[in-house]
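A quick write-up on the structure given underneath.
2 protein chains.
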Amino acid sequence: MKQSVRIAIADDQSIIREGLATMINLEGNCNVVIRAQNGVELIENLTNNSVELILLDIQMPVMGGLDTLKQLRKMAYSVPVIMLTTFADDQYMIDAMKLGAAGYVLKDIEIEELFMAMERVVHGHMVFPQIVQKKLIEQLSQQQKPEVTMKEQLLEQGISINSREEELLKLIALGYSNQRIADEVYLSLGTVKNYCSKLYGKLRVENRAELVSYLHQLLKI
Amino acid sequence: MKQSVRIAIADDQSIIREGLATMINLEGNCNVVIRAQNGVELIENLTNNSVELILLDIQMPVMGGLDTLKQLRKMAYSVPVIMLTTFADDQYMIDAMKLGAAGYVLKDIEIEELFMAMERVVHGHMVFPQIVQKKLIEQLSQQQKPEVTMKEQLLEQGISINSREEELLKLIALGYSNQRIADEVYLSLGTVKNYCSKLYGKLRVENRAELVSYLHQLLKI
DNA sequence: GGAAAGATGTGACTTTAGTCATTCCCTTTT
DNA sequence: AAAAGGGAATGACTAAAGTCACATCTTTCC
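Protein chains in written order, with the working numbering: chain A, 25 to 245; chain B, 25 to 245.
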C-alpha cells in the first residue's frame, strides 16, 4: 500500500484481533487505530476516530458483524468494510454483499492474501470469493419468494382458517363472484355466501371489497 | 490466460466487434466463436455454441445489452458476462450488476485492461468500476421506491382517468363501500355508483371485488 | 351407541351494488 | 347568445351480496 491507512478491527477473539493488528502495523504503511471486541464497541469508537477501512468479524457476541454492518449503513457510514469469518457460508456472503460489504475474507487464508484484499478494497474494489457471484445470480434470477401460504400468514395475525376457507379466500382475492366460486369448487351459492359471512367475521372486515383489499395487503400478491 | 477460452462478442459496431475479436484471437489462448450484431443474434448462436465468456455491448439496436442479459438470466444461462459500453453511467452499472453481470468495462480502456478483466471474470471474480460499490450501497440503504401515481400506472395500461376518478379509485381500493365513499368526498350515493360503473368499463372488470384485486396487483400496494 | 362438532345446504329476507335513461347546472366554445 | 360538453344528481330498476335461522349429513370422540 502506498499511503498509511487507518484501520479498525472488530473481533471478539483477542488472539486474532491483536495478532492481526500487530501484523498490520508491522506492514509499515497501515495503522490499526481501533480494536473492538464487538460491534457496539466498534461503533462507539468510530465516532471519535476516523478510519479508512474496517475489518469486521461476523461471529461476535453482543452485536454480530452483519448487524453491525447494517447499523453502519443506517448511519450512512461509507467506509469500506471487509467481513472476516471462519466459515464460507454462501448466505452470509450474499447478505454481507447486499449490506454493502466491500469484501469477504476467510480467516484461514495467508496474511498476504488479506493484505492484497485490503489493498484492493481501499482502492474501491470488491473482494468476494468466486462462489458469491454464482450464488448472487441464482438469487437474482430466481427472485426467490418466501413461499408462505395464506393460511400461515393469517395465523400470524391470530386468525385460523381451515383448508376450505383458504380455498375460497384465494378465489375471493382474485375478484371472483359468489356464483363463479360456487361453480369452481362445486358448492351451492348459499354455502359460498355463508362462508363469506363467516370469513368477514374472522378477518374483521365489513364486506367483500374490504376483504380483497386486506388479503392483497397482507399477502403482497 | 492459462487455457483457451471460448468467447462470444455481441456489438453492433463492426469495427469494435471485429477489432476486438481479432485482438482476442491473436492473444493466443482465447477464441472468439460467436460474433453477433445484437442480443437476438447472440442468443440464437448460443444454443449451438457453448462459450465460457460473453462480451456484451449495452447500446445495441433490436435487443440491448441489459435486455439480453435479462433474457439470459431467464434462460438460467450462467456463463459470465462482461458489459461493454462507452458510457460510465452509474445506473447502467448497477442495473447490470443486479442482473448478474460479472463485469462492466468501458470501451475507452486499454486492451490490456480488458484482458485483465476478462481473466478475472473467467476465474469467477467480478470486475466493476469503483464507483459502483458506493452507488450500490446508496441504493440498498435508501431502499428507494419509484413513487408512481395510480393515474400514471393506469396510463401505462392505456387507461386514462381524471382526478375525480383517481380519488374514488383510491377509496375503492381500500375496500370502502359506496356510501362511505359518498360521505368521504361529498358526492351523492348515486353519483358514486355511476362513477363505479364507468370505472368498471374503463378498467375492464366486472365488479368491485375484481377492481380491488386488479388495482392491488397493478400498484403493488 | 349417542352426543358433539363440523361441513354443507335451503329459504326468506335485507342491504348493497350496479345499470341506465334522463335532468340540471355550470363552463367552455363557436 | 346558442351550442356543446362535463360533472353531478335522480329515480327506477335488476342483480348480487350479505344475514340468519334452521335442516341434513357425516365424522369424531367419549
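The beta carbon of each residue, even a glycine, is placed where N, CA and C say it ideally should be.
Asked, Found
"Is it right to say phenylalanine 111/A is buried, meaning 16 or more other beta carbons lie within 10 angstroms of its own, or is it exposed?", "exposed"
"Give me whichever residues DSSP pairs with cysteine 220/A in a beta bridge.", "DSSP output for cysteine 220/A lists no bridge partner at all."
"Please go through the same chain and pick out, in chain order, the residues whose beta-carbon is closer than 7 Å to the beta-carbon of valine 172/B, but skip the five residues on each side of it.", "none"
"Could you tell me which whole beta strand (DSSP E) segments of length 3 or greater appear in the segment 61-92 of chain B?", "77-81"
"Along the chain, where does the beta strand (DSSP E) containing methionine 107/A start, and where does it finish?", "105-109"
"Grouping DSSP H, G and I as helix and E and B as strand, with all else coil, what is valine 145/A?", "helix"
"Under 9 Å, Cβ to Cβ, is there at least one residue of chain B near glycine 63/A?", "no"
"Aspartate 132/A: buried (16+ other C-beta within 10 angstroms of its C-beta) or exposed?", "exposed"
"Which residues in the same chain as tyrosine 116/A place their Cβ atom closer than 7 Å to its Cβ, once the five residues preceding and following it in sequence are excluded?", "Ile82, Thr109"
"Closer than 8 Å by beta-carbon distance: list the chain B residues that pair up with arginine 228/A, in chain order.", "Residues of chain B passing the Cβ test: none, with the nearest at roughly 12 Å."
"Taking buried to mean at least 16 other C-beta atoms within 10 Å of its own C-beta, is proline 104/B buried or exposed?", "buried"
"Any beta-carbon of chain B closer than 9 Å to the one on glycine 182/A?", "no"
"Relative to the C-alpha of leucine 198/A, which candidate in Met140/A, Ala120/A, Val236/A has its C-alpha closest?", "Val236/A"
"For asparagine 231/B, decide whether its Cβ has a neighbour in chain A, counting only Cβ atoms nearer than 9 Å.", "yes"
"Could you list the residues in the segment 111-129 of chain A with a C-beta less than 8 Å from some C-beta on chain B, going in chain order?", "Lys122, Leu123, Gly124, Ala126"
"Could you pull the start and end residues of the beta strand (DSSP E) that arginine 204/B belongs to?", "First-last for arginine 204/B: 202-209, but that is the alpha helix (DSSP H), not the beta strand (DSSP E)."
"Relative to the alpha-carbon of methionine 87/B, which residue among Met99/B, Glu65/B, Tyr128/B has its alpha-carbon at the smallest distance?", "Glu65/B"
"Which residues bound the beta strand (DSSP E) around alanine 45/B?", "Per DSSP, alanine 45/B belongs to no beta strand (DSSP E); it is in the alpha helix (DSSP H), 38-50."
"Could you check whether the Cβ of alanine 141/B sits closer than 9 Å to any Cβ belonging to chain A?", "no"
"Should tyrosine 128/A go down as buried or exposed, given a rule of 16 or more other Cβ atoms within 10 Å for buried?", "buried"
"Taking 9 Å as the CB-CB limit, is alanine 197/B close to chain A?", "yes"
"Can you tell me the Cα-Cα spacing of glutamate 234/A and tyrosine 200/B, whole angstroms?", "7 Å"
"What residue range does the alpha helix (DSSP H) around tyrosine 238/B cover?", "232-243"
"Between leucine 235/A and chain B, is the shortest Cβ-Cβ distance under 9 Å, so that the two count as touching?", "yes"
"Which first and last residues belong to the beta strand (DSSP E) in which isoleucine 196/B is found?", "Taken as a continuous stretch (DSSP letters only), isoleucine 196/B belongs to no beta strand (DSSP E), being part of the alpha helix (DSSP H) at 187-197."
"In whole angstroms, what separates the C-alpha of methionine 25/A from that of methionine 47/A?", "Summary for methionine 25/A: the model assigns pLDDT 45, below 50, so the residue's position carries little reliability, and this model does not support an answer."
"Taking Cβ-Cβ distances shorter than 9 Å, what residues in chain A pair up with tyrosine 238/B?", "Gly199"
"Mind the definition here: the segment 31-49 of chain B touches the segment 219-228 of chain A only if three or more C-beta pairs lie below 8 Å; say whether that holds.", "no"
"So, using beta-carbon positions, are methionine 142/B and leucine 80/B closer together than 9 Å?", "no"
"Please check if any C-beta of chain B sits within less than 9 Å of the C-beta of lysine 217/A.", "no"
"For leucine 179/B, count the other beta carbons within 10 Å of its own beta carbon; 16 or more makes it buried, fewer makes it exposed. Which is it?", "exposed"
"For glycine 43/A, count neighbouring C-beta atoms within 10 Å of its own C-beta (all shown protein chains included) and say buried if the count is 16 or more, exposed if not.", "exposed"
"Under a CB-based cut-off of 9 Å, is valine 222/A close to chain B?", "The displayed chain sequence assigns lysine, not valine, to residue 222/A. It does not: the Cβ of lysine 222/A has no partner Cβ on chain B nearer than 9 Å."
"Reducing DSSP to helix, strand and coil, say where tyrosine 101/B ends up.", "coil"
"Take the Cβ of tyrosine 210/B as the centre, count every other Cβ of all protein chains shown within 10 Å, and call the residue buried at 16 or more, exposed below.", "exposed"
"I believe arginine 97/A touches leucine 130/A by the beta-carbon criterion, under 8 Å. Please report the beta-carbon distance rounded to the nearest angstrom.", "Between leucine 130/A and arginine 97/A the Cβ distance is about 23 Å, and since that is not below 8 Å, they are no contact."
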